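So the structure is just underneath, and the comments pick up after that.
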Amino acid sequence: MSTRTVLHEADIARALTRISHEILESNKGPENLVILGIPTRGVTLANRVAALVSDFGGLPVPVGSLDVTMYRDDLHRNPTRAPQPTQIPPGGIDGKTVVLVDDVLFSGRSIRAALDALQHIGRPAAVRLATLVDRGHRELPIRPDFVGKNLPSAREERVNVRLAEIDGLEEVTIES
Amino acid sequence: MRHLLDTKTLGREEALRILDVAEDMADTQRREIKKLPTLRGKTVVNLFFEDSTRTRISFEAAAKRLSADVINFSAKGSSVSKGESLQDTAQTLQAMGADAVVIRHGASGAPRTLATSGWITAGVVNAGDGTHEHPTQALLDAFTMRKRTFGDDSRGRDLAGLRVTIVGDILHSRVARSNVWLLDTLGADVTLVAPPTLVPQDVSAWPVRVLYDLDEAIADGCDALMMLRIQLERMNAAYFPTEREYSRRWGLDATRLAALGTGSMVMHPGPMNRGLEISADAADSPRSTVLEQVTNGVSVRMAVLYLLLAGATDEREDAR
Amino acid sequence: MTEVFLFRGAQLEGGEAADLVIADGVIVEAGTGLSRAGATEIDVDGLVALPGLVDLHTHLREPGYEASETILTGSRAAAAGGYTTVFAMPNTSPVADTAGVVEQELALGEAAGFVTVQPIGAVTVGQKGERLAEIGAMADSRARVRVFSDDGFCVWDPLIMRRALEYVKAFDGVIAQHAQDPRLTEGAQMNEGIVSAELGLTGWPAVAEESIIARDVLLAEHVGSRLHVCHLSTAGSVEIIRWAKRRGVDVTAEVTPHHLLLTDELARGYDARYKVNPPLRREEDVLAVREGLADGTIDIVATDHAPHPAEAKACEWQAAANGMVGLESALRVVQQAMVDTGLLVWADVARVMSRTPARIGRLRGHGTPLSEGHAASVTFYDPRPVRTFSSDDLRGRSVNSPYLGRELPGEVRWTLNRGVPTVVDGALLETPGVRA
Chain F
0 MSTRTVLHEA DIARALTRIS HEILESNKGP ENLVILGIPT RGVTLANRVA
50 ALVSDFGGLP VPVGSLDVTM YRDDLHRNPT RAPQPTQIPP GGIDGKTVVL
100 VDDVLFSGRS IRAALDALQH IGRPAAVRLA TLVDRGHREL PIRPDFVGKN
150 LPSAREERVN VRLAEIDGLE EVTIES
Chain H
0 MRHLLDTKTL GREEALRILD VAEDMADTQR REIKKLPTLR GKTVVNLFFE
50 DSTRTRISFE AAAKRLSADV INFSAKGSSV SKGESLQDTA QTLQAMGADA
100 VVIRHGASGA PRTLATSGWI TAGVVNAGDG THEHPTQALL DAFTMRKRTF
150 GDDSRGRDLA GLRVTIVGDI LHSRVARSNV WLLDTLGADV TLVAPPTLVP
200 QDVSAWPVRV LYDLDEAIAD GCDALMMLRI QLERMNAAYF PTEREYSRRW
250 GLDATRLAAL GTGSMVMHPG PMNRGLEISA DAADSPRSTV LEQVTNGVSV
300 RMAVLYLLLA GATDEREDAR
Chain G
0 MTEVFLFRGA QLEGGEAADL VIADGVIVEA GTGLSRAGAT EIDVDGLVAL
50 PGLVDLHTHL REPGYEASET ILTGSRAAAA GGYTTVFAMP NTSPVADTAG
100 VVEQELALGE AAGFVTVQPI GAVTVGQKGE RLAEIGAMAD SRARVRVFSD
150 DGFCVWDPLI MRRALEYVKA FDGVIAQHAQ DPRLTEGAQM NEGIVSAELG
200 LTGWPAVAEE SIIARDVLLA EHVGSRLHVC HLSTAGSVEI IRWAKRRGVD
250 VTAEVTPHHL LLTDELARGY DARYKVNPPL RREEDVLAVR EGLADGTIDI
300 VATDHAPHPA EAKACEWQAA ANGMVGLESA LRVVQQAMVD TGLLVWADVA
350 RVMSRTPARI GRLRGHGTPL SEGHAASVTF YDPRPVRTFS SDDLRGRSVN
400 SPYLGRELPG EVRWTLNRGV PTVVDGALLE TPGVRA
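Protein chains in written order, with numbering that gives the first Met the number 0: chain F, 0 to 175; chain H, 0 to 319; chain G, 0 to 435.
Dropping the structure here:
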């Protein structure tokens with residue numbers, strides 16, 4: 000079993016900075032944005048992205064979390080998961096551009112579940128997807144709008160994202 | 000979780016998990032669309048051998064909000080009242096493909112007999128068995144106490160140090176028993192108040208203090224006062240002489256409500272005998288949690304059904 | 000001329016090893032180093048020889064409840080357990096409260112041929128507790144009934160109990176009381192105590208047994224009668240019997256094997272195999288009845304063998320029937336609870352499981368000594384093996400045993416009923432006396 004580091008601390012920071020600029024560019028500014036992270040590490044990344052977008056855009060951008068556990072289609076295949084909190088910022092999502100943030104995009108099923116969850120919360124004007132790592136192997140027609148790094152991988156390989164707030168260090172590794 | 004039969008064997012971690020998931024469920028119940036797709040395709044059977052509209056509706060609402068299919072089976076007028084055994088009823092449900100059976104039965108231990116019999120593979124939730132236990136009631140009571148005490152900061156917290164007093168027919172109360180075990184597990188201090196005839200003969204092993212005087216219990220201080228329904232049939236079996244005497248000595252009237260601190264909550268599992276064990280004023284005061292208990296009941300039961308049904312089936316071990 | 004047996008080297012009632020020669024239903028010789036031409040020699044070295052066991056309290060269910068057991072199947076279960084005589088309780092359908100029914104039971108027992116079936120007659124008509132049954136007719140019948148009981152029910156009316164105690168004096172009969180105050184045990188499911196409080200099952204308090212025994216020993220003393228107390232189960236009951244015997248009351252008492260071994264903790268899983276009347280009690284009660292049996296306060300062991308069909312036990316506790324089968328396991332349980340713990344020796348076992356029950360039941364020629372001239376009703380028992388009790392050990396029609404899956408010592412190897420073998424080399428014969 001070998002482990003390779005594909006992103007170091009500085010790489011992650013640069014990727015998030017670039018993503019934040021791309022969000023502002025595509026949205027033509029900071030207005031009407033809501034950033035929602037998908038637990039667990041998507042929330043950490045969403046907080047960072049929201050801070051960067053607010054800083055570059057000159058306007059505070061609301062940030063929150065969107066738990067997708069209840070909407071997954073593979074619940075019965077795994078041991079029972081405890082749901083994580085869903086915190087929608089006070090302004091809600093109706094008519095807003097929601098940017099979903101996750102750490103790794105793989106089969107796309109989490110994002111499909113997230114779209115279902117959003118549907119029960121309100122009616123956004125548009126939904127965009129930002130992911131730190133896209134490792135391919137999509138099972139559904141889902142594509143990211145903003146990507147930190149494209150990481151071709153074999154199915155059996157494991158991609159690990161570690162963030163300081165949760166894991167005490169910053170890295171993205173791939174294990175085979 | 001394979002079955003939920005009692006709170007006696009429910010560990011602290013598992014109990015907190017249920018309460019925390021119930022918080023998430025409660026959050027979804029505040030949205031405009033209260034429904035979740037989580038248990039789509041699962042079948043929940045409400046197997047009620049005893050009449051109980053309230054509990055059955057609560058479980059039905061919980062299952063439907065998770066998109067499960069619900070089948071209601073009530074014993075009156077069914078094959079059971081014609082003498083069909085628990086075994087035959089259970090095997091019929093198994094043949095119909097029930098994933099979970101919520102059972103309320105007049106015989107203590109019937110849910111355990113059902114769960115360990117090998118007649119069904121479904122998960123079993125005890126919705127009240129004889130005078131033994133009513134675990135989801137205790138869980139919703141604990142959820143309510145926690146919410147009133149900690150508000151939005153409830154997740155992960157137990158009830159350490161909370162003083163709870165339970166008043167009424169302890170001997171025949173499954174609500175009392177379930178609450179005693181769960182409250183103790185969550186760190187609360189429990190006092191029981193009842194006429195001596197309505198306390199089981201030997202509660203020396205229970206983690207409680209027993210008093211016969213309600214005024215003394217209130218004076219000692221309590222954060223939550225839980226009144227239990229008194230059944231008038233007990234009068235005929237010489238447990239107490241008259242309604243009037245019971246109400247005078249063990250009823251929550253205006254005087255006792257005033258003696259209770261304003262920070263204390265008044266609870267009742269329902270249905271209430273207004274004017275007997277609880278006065279109308281007490282039942283309708285802002286300190287009363289009666290309606291919240293009903294709302295919280297749906298969230299807690301959603302959490303229980305989720306934890307029972309959502310996960311992989313091969314994680315289920317023998318419940319014995 | 001029947002087969003002649005020469006059993007070599009058994010410990011007679013646990014004592015010195017000796018040989019027994021058995022012919023024509025009688026022990027013709029007992030001693031050491033015996034020989035007999037033409038005899039079938041059987042080596043029983045290491046086995047204990049006991050007089051054929053006598054059960055003063057068995058439910059054979061026939062007439063009326065043949066789905067659970069018949070006199071034939073119950074006799075077979077008894078023989079497999081080392082018994083050669085059983086007293087059949089009268090809670091049949093119709094109730095055994097007339098000469099006709101008890102004679103029918105006697106005849107069925109004789110036809111089966113495995114053990115002597117001695118009918119017990121009801122005390123009151125239909126066991127309803129209202130009017131005395133025709134006790135005299137039953138005593139004079141071919142069944143020669145001497146033991147009368149309403150077992151299953153208590154003779155609760157103190158006046159009826161007094162009259163019954165007085166009435167049976169005329170023929171040296173005895174009333175065997177099922178001590179249970181019905182008003183204190185309405186809806187009762189298990190022993191009242193710590194476990195019942197937790198399980199939410201209505202309690203059967205010890206005082207409901209003790210108060211009836213206390214009353215009955217005083218009544219027996221007052222009218223000068225014999226009294227027998229069935230299935231005594233509590234420490235308090237032992238105390239009362241001890242007190243009564245000290246006063247000179249002519250009272251005897253029995254204890255079941257399950258009350259010598261099992262406690263109410265077993266009710267915790269709501270497994271109705273452990274539901275019985277009187278209920279399993281606390282550890283303190285088990286220790287007290289063991290002590291009572293050891294010091295003679297309790298006179299005998301009686302099984303209260305109570306067969307029930309599967310559906311009466313495979314259900315919720317409240318709906319389940321009370322009772323356990325016990326004939327096949329009795330001797331093994333007594334060994335585990337009393338002999339292996341040093342409380343009784345085998346000679347005591349002979350006394351409490353054979354000699355004294357026969358005496359209380361006034362049955363001559365049963366529970367007799369293992370010596371020349373006496374009836375050859377003998378059980379050869381091997382105390383050495385330790386085996387898991389399983390349904391293979393059950394020989395009756397019902398399987399409601401609390402010992403399934405439990406390790407018990409011992410094995411009945413031979414049972415002879417008046418010289419006729421019923422168990423040979425550990426196997427129950429299809430027909431008594433006929434070996435494959």
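For every residue, glycine included, the Cβ atom is placed at its ideal position computed from N, Cα and C. The structure displayed is predicted, hence computed values, not measured ones.
Going by CA-CA distance only, name the one from the options that's closest to residue i.
i             : options                       : result
residue 402/G : 337/G, 329/G and 413/G        : 329/G
residue 67/F  : 147/F, 154/F and 35/F         : 35/F
residue 157/H : 197/H, 35/H and 19/H          : 19/H
residue 84/F  : 116/F, 73/F, 10/F and 75/F    : 116/F
residue 54/G  : 397/G, 23/G, 41/G and 254/G   : 254/G
residue 124/F : 4/F, 22/F, 14/F and 32/F      : 32/F
residue 100/F : 93/F, 142/F and 121/F         : 142/F
residue 440/G : 226/G, 304/G and 113/G        : Nothing can be reported for residue 440/G, as the shown portion of chain G is limited to 0 through 435.
residue 23/G  : 428/G, 430/G and 420/G        : 420/G
residue 12/H  : 116/H, 186/H, 147/H and 143/H : 186/H
residue 214/G : 187/G, 177/G and 103/G        : 177/G
residue 271/G : 415/G, 315/G, 286/G and 300/G : 315/G
Can you tell me whether residue i is buried or exposed, with buried defined as 16 or more other CB within 10 angstroms of its CB?
i             : result
residue 316/H : The pLDDT assigned to residue 316/H is 43, lower than 50, so where the model puts this residue is not dependable; a value taken from the coordinates is nonetheless given after this. Exposed, because fewer than 16 other Cβ atoms sit within 10 Å of the Cβ of residue 316/H.
residue 370/G : exposed
residue 18/F  : buried
residue 58/F  : exposed
residue 426/G : exposed
residue 149/H : exposed
residue 118/H : buried
residue 59/H  : buried
residue 176/F : Past the edges of chain F, shown from 0 to 175, lies residue 176/F, and the structure says nothing about it.
residue 247/G : exposed
Under 7 Å Cβ-Cβ, which residues of chain F neighbour residue i?
i             : result
residue 320/H : Outside the displayed range of chain H (0 to 319) lies residue 320/H, so it cannot be described from this structure.
Determine whether the beta carbon atoms of residue i and residue j lie at a separation below 7 Å.
i             : j             : result
residue 47/H  : residue 1/H   : no
residue 64/F  : residue 38/F  : yes
residue 56/F  : residue 15/F  : no
residue 198/H : residue 210/H : no
residue 313/G : residue 320/G : no
residue 74/G  : residue 114/G : yes
residue 239/G : residue 209/G : yes
residue 170/F : residue 161/F : yes
residue 162/H : residue 98/H  : no
residue 230/G : residue 277/G : yes
So which residues on chain F does residue i lean against when the C-beta distance must stay under 8 Å?
i            : result
residue 35/H : 69, 70 and 119
residue 30/H : 119 and 120
Which first and last residues belong to the beta strand (DSSP E) in which residue i is found?
i             : result
residue 147/F : 145–149
residue 125/F : 125–133
residue 200/H : From DSSP, residue 200/H is part of no beta strand (DSSP E); its letter is neither H nor E.
residue 227/G : 226–228
I want to verify the contact list: residues of chain F whose CB lies under 9 Å from the CB of residue i, in sequence order.
i             : result
residue 20/H  : 81 and 82
residue 185/H : Neighbours of residue 185/H on chain F: none; closest Cβ ~18 Å, over 9 Å.
Who are the neighbours of residue i on chain H, taking C-beta pairs under 8 Å?
i             : result
residue 310/G : 84 and 86
residue 454/G : Because chain G is modelled from 0 through 435, residue 454/G falls outside the range shown and cannot be assessed.
residue 76/F  : 311
residue 191/G : 200 and 201
If the cut is a Cβ gap below 7 Å, which residues of chain G does residue i touch?
i             : result
residue 130/H : 199
Using a Cβ cut-off of 7 Å, pull out every chain H residue sitting near residue i, in sequence order please.
i             : result
residue 269/G : 108, 111 and 112
residue 202/G : 200
Residue range of the alpha helix (DSSP H) that residue i falls in?
i             : result
residue 177/H : 173–184
residue 250/H : Neither: residue 250/H is in no alpha helix (DSSP H) and is coded neither H nor E.
Which residues of chain H have a Cβ atom closer than 9 Å to the Cβ of residue i, listed in chain order?
i             : result
residue 115/F : 36
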